[in-house]
Every structure is written in C-alpha cells, then in structure tokens.
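See below for the structure under consideration.
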Amino acid sequence: MARRIDYSARYHYTIEQVYSALSSRDYWEEIAEEMRKYSPNHLESFKADESGIALEFHHILPREMLPEVAQMVMRKDMVITRKQTYSPFGPEVTGTFEASIPAGPGSLTGTMRLFSTEAGSTLRSSPEAKVFIPGFGPKLEQMMLVNLVDLFRGEAEVTVRWLDRLTKA
C-alpha cells in the first residue's frame, strides 16, 4: 500500500517571480550547492523553454548515512535520480517528479502545483511512496516521505533567499 503526503511552500512572491526562479539554471545550481552540505549531488540536466521546465538531479547517499532499516535493503551507496518537470507558465503551473534508485525496492512519484494566493503564491507538492518489501514497506515509505518533505523545505528556503536577493538588487 502506498503512502502519500502533501507539503506546501508559501511565498510572499508572485507566481511569476517563483516561476522565473524555477526557470533559471543558476537557481537549480544553488539548490544543488545547498544539498551538498548533506550528500554529494549534481544537476545532471536542465531545460527551460516555451514548453516548460525539465531537470534531472543525481543524489548520492552513502550507505553508512542510511538508517539501519534501509541498510538492510541497500548493499551499496544509494544513487537517486530525481526528474522534475513543470508546465509552461500560466495562471496555474503544474508539474511532476519521480525519484528512482537502480534495483530499488519501490518508487517515489508526485505532482506539484504552483498557484497564486492573496499573500503571493504557493507551491504544493504531493509525493507518493511505494515500497515492495513485506514488513519493511510502511517504515521505508514513511522515511522516504519525511526525508522528501525535509528536502522540499530546504529548497523553499533557498527559493526565498534567491528571490530576496533578486528583489533587493
């Protein structure tokens, strides 16, 4: 059985300003730099044009950094490929993401919505984790979702810093 959670990053910036950040390779490189505080990673590919935004990250989690329950399943460092897409700019922007682990025991997928609010805009992410290991599935799914929300929270902090710098320049 899959587990799902929602996370909303609320910004006092307009949807146009947030989408402009998402459309910048430099913004995503700054996200990668921030994540390097925790583990090796890099922005593998990035494209932004009239058809939308597409990017791919590679995250490497050394096996010894994984919780014991995950070490029981993973015999090597965990290499996570995260692919993310956003639709072209409009009154509401939609997106998808997926994270995959070679020979991994499950999947992590989700949707995103960037929309205007009275105070600015919100980027709502709705990830779903599925792990196909009897007995360990629910624990690993919950761990994946909690870690993903931490990642989204960190990315939201970078977004605010990025937009603060741009508006004060």
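Position 101 of the sequence shown, counted from 1, bears residue number 100 in numbering that gives the first Met the number 0, the numbering being contiguous throughout. By construction, the Cβ of each residue, glycine as well, lies at the ideal position given by its N, Cα and C atoms.
Margin query: Taking the beta carbon of M34 as the centre, do at least 16 other beta carbons fall within 10 Å, making it buried, or is it exposed?
Written below: Residue numbering aside, residue 34 sits at position 35 when the sequence shown is read from its first letter. By the 10 Å Cβ count, M34 comes out buried.
Margin query: According to DSSP, simplified to helix, strand and coil, what is Y12?
Written below: To locate residue 12, count along the sequence shown from 1; it is residue 13. Coil.
Notebook entry, point to check: Exposed or buried, A1, counting other C-beta atoms within 10 Å across all chains shown (16 or more means buried)?
Noted result: Within the sequence shown, the letter at position 2 stands for residue 1. By the beta-carbon neighbour count (other beta carbons within 10 angstroms, threshold 16), A1 is exposed.
Note to self: Using CA atoms only, rank isn't needed, just tell me which of Q83, Q16, F135 is closest to R160.
What the structure shows: Translated into the one-based positions of the sequence shown, residue 160 becomes position 161. The option with the nearest alpha carbon to R160 is Q16.
Item checked: For N40: DSSP bridge partner residues -> As a working mapping, residue 40 is identified with position 41 in the sequence shown. H58.
Note to self: Would the stretch 136 to 151 count as touching the stretch 10 to 29 if we require 3 or more Cβ pairs under 8 Å?
What the structure shows: No, the stretch 136 to 151 does not touch the stretch 10 to 29.
Next item on the list: Within 10 angstroms of the Cβ of P126, are there 16 or more other Cβ atoms? Answer buried if so, exposed if not.
Entry: Locating residue 126 in the sequence shown gives position 127, counting from the first residue. Looking at its Cβ environment, which holds 16 or more other Cβ atoms inside 10 Å, P126 is buried.
Note to self: Check this for me: beta carbons of R112 and V130, under 9 Å apart or not?
What the structure shows: To locate residue 112, count along the sequence shown from 1; it is residue 113. To locate residue 130, count along the sequence shown from 1; it is residue 131. Not in contact: R112 and V130 (Cβ atoms no closer than 9 Å).
Check: Thinking just about the alpha-carbon of each residue, which of S120, M77, T84, T95 is nearest to the one in G105?
Finding: The sequence position of residue 105 within the sequence shown is 106, counting from 1. Nearest of S120, M77, T84, T95 to G105, Cα basis: M77.
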